[in-house]
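Following: one structure in structure tokens, then a few remarks.
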DNA sequence: CACTTGACCTGTCCGC
DNA sequence: TGCGGACAGGTCAAGT
């Protein structure tokens with residue numbers, strides 16, 4: 005589900021809610037071992053009794069750092085969400101198909117962490133692609149994923165030249181596939197790929213090698229702009245999504261093409277079409293995106 | 001190597 | 001109403 009802006013929104017919210025809280029108990033759903041593949045002995049030794057030090061993010065991965073020298077590394081994949089219950093009201097973040105009205109845990113709850121003050125953090129994940137892994141903080145960046153993942157696109161030192169250089173490795177594939185490749189750049193998913201390509205007037209199926217340098221530069225600027233807007237709007241959502249402070253993300257109402265097939269292009273009025281590129285549903289303006 | 005496709009899961013929607 | 005298939009904001013492994 006979430007892409008960089010959604011995970012970043014979640015990080016910001018959890019940073020206000022979790023640090024200082026001490027874990028009292030952890031319950032994981034027995035029939036979903038892949039959601040929480042950790043040894044019971046590690047959970048007892050390094051999670052129960054530990055308190056949260058800070059919450060960080062790399063790419064689409066959230067990292068809850070603990071006082072025990074261990075961290076909870078969390079990937080929400082397509083449908084994961086984290087919902088904090090401070091007592092009385094649920095504050096959540098993640099997949100929009102889950103509203104806040106239901107009592108938790110529910111049938112999609114894979115892990116429940118109870119803190120000593122009675123508050124709870126629920127990890128819900130309908131499709132069970134996501135996971136919560138407990139591991140030594142010092143080893144987190146040694147995970148295969150982190151060793152291969154590309155730079156943060158919003159980092160101050162990530163330049164247009166870096167962007168162009170990294171894209172060259174994928175010269176024969178589509179520009180959309182290259183954007184979605186986490187080893188090229190971190191954090192871009194289906195929504196922000198489509199939105200940035202529309203903004204840069206590049207068709208997603210264009211081979212990377214066929215995109216002129218000027219258009220690549222435009223895409224660099226557009227990508228950073230849509231990711232920044234996504235964060236400012238609290239992530240993308242449709243109806244029931246909220247961030248960790250209970251506010252709805254509003255980015256979807258600002259989307260230009262994503263899930264807007266059949267509607268007019270905000271730039272030229274041409275009807276937006278949906279197709280399939282890089283194995284993913286893809287939204288384009290057939291008039292604007294001609295490269 | 002670069003690149004593509006299917007697998008992993010559950011739920012929902014859409015056409016017959 | 002029931003059923004089958006396509007599809008969903010993401011990665012991996014395995015194939016060409």
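Residue numbers (our numbering): 5 to 295. Using N, Cα and C, we set each Cβ at its ideal position, and we do this for glycine too. Since we're looking at a predicted model, the values are computed, not measured.
Handout entry: Inside the stretch 142 to 176 only - alpha helix (DSSP H) runs reaching at least 4 residues
Key = List check, alpha helix (DSSP H) in window: 148 to 152, 164 to 171.
Practice task
Can you tell me which of the three DSSP states residue 206 falls into?
Solution key: Residue state, collapsed to three classes: coil.
Handout entry: Beta-carbon proximity list for residue 221, same chain, < 6 Å, skipping 5 on both sides
Key = Taken in chain order, the residues that qualify are 164.
Exercise for the section: With distances taken Cα to Cα, identify the nearest neighbour of residue 65 among 54, 21, 198, 78. Expected result: Looking at the Cα atoms, 78 is the closest of the given residues.
Exercise for the section: Starting from the Cα of residue 215, find the closest Cα among 184, 178, 236, 240 and give me that residue. Expected result: Its Cα nearest to that of residue 215, the residue 178 stands out among 184, 178, 236, 240.
Problem - Distance between residue 291 and residue 140 (C-alpha atoms, nearest Å) - result: Distance between the alpha carbons of residue 140 and residue 291: 51 Å.
Handout entry: Per DSSP, the bridge partner or partners of residue 280
Key = DSSP, once it has assigned bridges, lists 285 as partnering residue 280.
Practice task
Would you tell me roughly how many angstroms separate the C-alpha atoms of residue 142 and residue 62, rounded to the nearest one?
Solution key: Roughly 15 Å between the two C-alpha positions.
Exercise for the section: Taking only the alpha-carbon atoms, compute the straight-line gap between residue 75 and residue 182 and give it to the nearest angstrom. Expected result: Whole-angstrom Cα-Cα distance: 30 Å.
Handout entry: residue 60 - containing beta strand (DSSP E), residue span
Key = It spans 56 to 62 - the beta strand (DSSP E) in which residue 60 sits, taken as one unbroken run.
Handout entry: Length of the line joining the Cα atoms of residue 158 and residue 227
Key = If you draw a straight line from the Cα of residue 158 to the Cα of residue 227, it is about 9 Å long.
Practice task
Please say whether residue 124 and residue 89 have beta carbons closer to each other than 9 Å?
Solution key: Yes, the pair counts as a contact, with Cβ atoms nearer than the cut-off.
Practice task
Please name the residue in 230, 277, 204 whose C-alpha comes closest to that of residue 295.
Solution key: That would be 204, whose Cα lies nearest to the Cα of residue 295.
Practice task
Would you mind stating whether residue 206 and residue 8 have Cβ atoms separated by less than 9 Å?
Solution key: No, they are not a contact pair.
Exercise for the section: Would you kindly check if the distance between the Cβ of residue 260 and the Cβ of residue 270 is under 9 Å? Expected result: Yes; because the gap between Cβ atoms is below 9 Å, this pair is in contact.
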